[in-house]
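So the sequence lines, in the order shown, correspond to chains A and B.
The numbering used here puts the first residue of the first sequence at 1, with every later residue one more than the last.
The numbering used here puts the first residue of the second sequence at 1001, with every later residue one more than the last.
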Amino acid sequence: MKPASFIRVMVVASALWATTYAHAQDKPVAFIGATIIPIDGEPITNATLLVHNGKIQAVGDHVAVPAGAEQIDARGRFIMPGLVDTHSHLGGGWGGDSSGPIQPACRIYDSINVLDAGLQKAQAGGLTTLNVMPGSGHLLSGQTIYIKLNDGRTIDDLAIRTEDGRIAGGMKMANGTNSQREAPFPGTRAKSAALVRQRFIDALAYREKLMKAESDDDKDPPDRDLALEALCEVLDGKRVVHFHTHRADDILTAIRLSQEFGFKVVLHHVSEAWKVPDEIRKAGVACSVIVIDSPGGKLEAKDLLMTTGAVLEKAGVPVAFHTDDPITDSRLFLRSAALAVRAGMSREKALAALTIEGAKMLELDQRIGTLTPGKDADFIVLDGDPLSVYTHVRRTYVEGKLVFDRDNPQDDLYAVGGYGAGEGHIPYGCCLNHGEHSR
Amino acid sequence: MTKRITISHFVRTSIAALTISAAVANAADAIAVRGETIYTMAGEPIRDGIIIIRDGKIDRVGKAADVRIAGDIRMLRAKVVTPGLIDAHATIGLTGYLNQTQDQDILERSEAIQPELRAFDAYNPRERLVEWARSFGVTTVHTGHAPGEVISGQTMIVKLAGTTVEADAMRNEAMIACTLGDWATHGDRKTPGTRSKAVAILRSELIKAQAYAQKVKDAKEASDKKSDSEAPKDGEAEKDRTPKAPDRDLRLEALARVINREIPLLVTAHRANDIAVALRLAKEFDIDIVLDGAAEAHMLIDEIRAAGVLVILHPTMVRSHRGACENASFETAAKLVHAGIPVAMQSGYEDYVPKTRIVLFETAIAAANGLSFQEALATCTIDAAKILRISDRVGSIEAGKDADIALYDGDPFEYTSHCVGVLINGQVVSEVAQ
């Protein structure tokens, strides 16, 4: 592979990167005759996708295939962008521990096993970009990471970098019953909000000191505090808050906190968003929706409906989906969009919710999410309509590199399961209160 | 009470009475379902078919052109009509959607072996999950205690009409639920802490039940003999030799029914070695077992087929990221069915989110992974009915059977199709497009 977006990193991280990972795609590849769903426009039949050097070069029904290009017969296939999962727990990582409810210093970056078979299974589901979240069970369980499923051997291979070279990621927060338990965790919603507000006020003061020290040589900067540094990144808009929130009033509380402190927020799960769609739209906030087979399982999801996507679409709220893997199976992520369509969402918005809308929520929409020339060549090849139960992902490409091929027996094992498919899959305990009746 | 509401999108149709003697269905108490395709599961699908329902039973089924209808009869129409779906193993009704202590009756943790616990005494017909499952076309559920103890209780079979357990139950005691392997051993209680120990206490209990069953049998035979013959002349001496029935013991009474092969032992076992234990127990005690879960059944196909054991397979989408189901495969249903092993599908047991799966959805994934459409449909209709021993009443659309019907606006397995109507015993119980 030849990830142009990583060139900056190669410069910084030098030869180690190049020797362990670089894989040049020196020849253009054309996928010919497919139905292409570019997301940035209408589906195109009998179309060609041209990729080169890890980037999309051209999409359309009149693409000139350069001489020397590898040609792949894609007749009967559907091609669409790789799926973007805005909320995953794959890799067996944990953020904060049970010592306290707010742990912004914890980075999921330090905790993911990229050899986890779960990542292979996610490729089989057509996922190419994940927001891997720490948690759950905290008000703030730590820093999330945005990764590409590129078959890398270390987390640094997978990590997406921001323009200024940082590891890209957001901040995981939660409210409602998710983070309520024995002290030092909060016991009520009011306490939850108070703890969060106090911590952000601490961060504001810390940032003030930093700024003063920067403008005034006589002032010393405060001692480094990893937690407050991370919260300052949130305050500065460098980290989007990914906010687990279900109940309608909890959703509004999350919005209220984001407005008070001016941080960017994406609302996650949003079981009861269908009760307050206009309030969400007015706040200009996007929602990452989970689609679940039945309501309940915990109090805050008791009114969960499959219609949430449709209601939010109608209200004009941006919608993405997520797997919350292991809550839903990454191999069946297309199903989330299909069930949302069953419940009234438009086909176009549902497919966008698997791709570009998720990319926007991770602020990666300049690089991924549509089959637009110049974007990363992250795409999937399907053997049928993406919203049909009978359709399978045949191939997954990340930055032009084939990372999943259903015709390969080992990849097929990850796709359908069977003996050995679980090998290397890292157990992930869902919540801090695992084993009790979940609240 | 069951909802009996007229629905706008169901067309109420009057068809002029024609007087063709044998083929006439009278309007009184009747309802008709017309389908562009009716999958009866008792023969080939019927194109443009009709089902006449009377007194809660299927009266006639055939091509619409061959059946004449007399008078004003309510007519439901749908693109695809199937038998009401059967969920061959669930915990619906014992588990509640809130997942709070007060609505969780799925597992009694005080002892490892408690076959005296009846699902019948715990089932809540008004649980929201009952209504939820029904809205996707599920009409019958084999429900009970969750896997997790060596013997967790007696299962039951119930229609999802949502009235009372007495009115809705088809079988008050269907099977005895048993768990082997990872899920039957616990770190939080001393015993059983190992597979060997779990099987040892199970065998001990079955041996006790054998003895109990024998005593009951001996006493009954003696009593029958006695009542057949003259009253004994030397009363006292005769009394001493008569085998006495044992004191009633609910636990052994329940297990004795398994020993007597009145009901099967439902053995939840996922790993191949645990499945092998189940097959061994069936042979040792000469009992009927139904394999439940069976994530690694694809590794023991020959053995399962040779043992003549029926399988209620794990939900196709069961979480496989760790533990006993880590080797589960989407293709197991197809592999078993194609090997000639009877298979039924289930929603299974969930302790978090989602609180229940939907057997329609689980079967759909099996249909997308090797089963043909009709093979898949059989696993949640007629084959499930046979495995649960209720095929005399449900599982197919045939004259004389209960009028449990599901209506869909397209291929029922397609994600984007809807269930548009559900009938149980001829009553419309769901009408939302779900």
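All residues carry an ideal CB built from backbone N, CA and C; glycine is no exception.
Quiz item: If you draw a straight line from the C-alpha of D1292/B to the C-alpha of A1307/B, how long is it?
Solution: 15 Å
Quiz item: Out of A190/A, W274/A, D324/A, which has the shortest C-alpha to C-alpha gap to M345/A?
Solution: W274/A
Practice problem: Note down, in chain order, every chain A residue with its Cβ under 8 Å from the Cβ of Y1097/B. | Solution: S294, P295, G296, G297, K302
Exercise. Determine the extent of the beta strand (DSSP E) in which G1426/B is found, giving its start and end residues.
Key: Per DSSP, G1426/B belongs to no beta strand (DSSP E) and is neither H nor E.
Exercise. Specify whether the region 191-201 of chain A and the region 247-261 of chain A touch according to this definition: at least 3 beta carbon pairs, one from each stretch, less than 8 Å apart.
Key: yes
Practice problem: Name, please, each residue of chain B whose Cβ falls closer than 7 Å to the Cβ of M390/A. | Solution: A small fix is needed here, since residue 390/A is Tyr in this sequence, not Met. Those are A1368, listed as they occur along chain B.
Exercise. Output the distance between the C-alpha atoms of A343/A and T1363/B, rounded to the nearest integer angstrom.
Key: 20 Å
Practice problem: Return the residues of the region 1404-1421 of chain B that lie within a Cβ-Cβ distance of less than 7 Å from chain A, sorted by chain order. | Solution: F1413, E1414, Y1415, T1416, H1418
Exercise. Quick one: give me the first and last residue of the alpha helix (DSSP H) that A415/A is part of.
Key: 409-416
Practice problem: Name, in chain order, the residues that DSSP records as bridge partners for T519/A. | Solution: Because chain A here runs from 1 to 439, residue 519/A falls outside it and cannot be looked at.
Practice problem: Answer with buried or exposed for D329/A, where buried requires no fewer than 16 other C-beta atoms within 10 angstroms of its C-beta. | Solution: buried
Exercise. Within the region 315-377 of chain A, note down every full beta strand (DSSP E) run reaching 3 residues or more, in order along the chain.
Key: 319-321
Practice problem: Using the Cα positions of L1336/B and Y419/A, report the straight-line distance between them to the nearest angstrom. | Solution: 15 Å
Quiz item: So what's I145/A in DSSP terms, helix, strand or just coil?
Solution: strand
Quiz prompt | Bridge partner(s) assigned by DSSP for Q1210/B | solution = Bridge partners of Q1210/B: none, in fact.
Practice problem: Have a look at I1050/B and G296/A and give me their C-alpha separation to the nearest angstrom. | Solution: 38 Å
Exercise. Could you name the residues of the same chain whose beta carbon sits closer than 7 Å to that of E1414/B, not counting the 5 residues immediately before and after it, in chain order?
Key: none
Quiz prompt | K1079/B vs E1036/B beta-carbon contact at 7 Å | solution = yes
Quiz item: To which residues does DSSP link I72/A through a beta bridge?
Solution: F31/A
Practice problem: With S1372/B as the anchor, note down where its alpha helix (DSSP H) starts and where it stops. | Solution: No alpha helix (DSSP H) contains S1372/B, which DSSP labels as neither H nor E.
Quiz item: In or out: R394/A buried (at least 16 other Cβ within 10 Å) or exposed?
Solution: buried
Quiz item: Based on the DSSP secondary-structure assignment, which residues constitute the bridge partners of D85/A?
Solution: L130/A
Practice problem: Return the chain-ordered list of same chain residues with a C-beta closer than 7 Å to the C-beta of Q1434/B, the five sequence neighbours on each side being excluded. | Solution: S1135, F1136, H1418, C1419
Self-check item: Where Q1102/B falls, given that 16 or more other Cβ within 10 Å makes a residue buried
Solution: exposed
Quiz item: At what residue ranges does the region 1149-1207 of chain B contain a whole run of the beta strand (DSSP E), taking only runs of 3 or more?
Solution: 1151-1154, 1156-1159, 1169-1171, 1176-1179
Self-check item: Sheet register partners of E1269/B (DSSP bridge)
Solution: Before going on, a small fix: residue 1269/B reads as Ala here, not Glu. The partner list for A1269/B (beta bridge, DSSP) reads G1293/B.
Quiz item: Taking Cβ positions only, does K1226/B come closer than 7 Å to chain A?
Solution: no
Quiz item: Counting contacts by CB-CB distance shorter than 7 Å, is H1321/B in contact with chain A?
Solution: yes
Exercise. Verify whether the separation of the beta carbon atoms of A286/A and M361/A is less than 7 Å.
Key: yes
Exercise. Would you check if the region 1422-1432 of chain B and the region 1371-1379 of chain B touch, i.e. whether three or more CB-CB distances between them fall below 8 Å?
Key: no
Quiz item: From I1069/B, C1325/B, V1359/B, pick the residue whose C-alpha is nearest to that of G1181/B; which is it?
Solution: C1325/B
Exercise. Mind listing the chain B neighbours of Y419/A? Cutoff is C-beta to C-beta under 9 Å, in chain order.
Key: A1272, E1296, H1298, M1299, N1327, S1329
Self-check item: Any C-beta of chain B under 7 Å from that of V442/A
Solution: Outside the displayed span of chain A (1 to 439) sits residue 442/A, for which this structure offers no information.
Quiz item: Using DSSP with H/G/I as helix, E/B as strand and the rest coil, what is S942/B?
Solution: Coverage of chain B is limited to positions 1001 through 1434, which leaves residue 942/B absent and any answer about it impossible.
Quiz prompt | Span of the alpha helix (DSSP H), counted from its first residue to its last, around K209/A | solution = 189-215
Self-check item: Within-7 Å CB hit, Y1123/B to chain A
Solution: no
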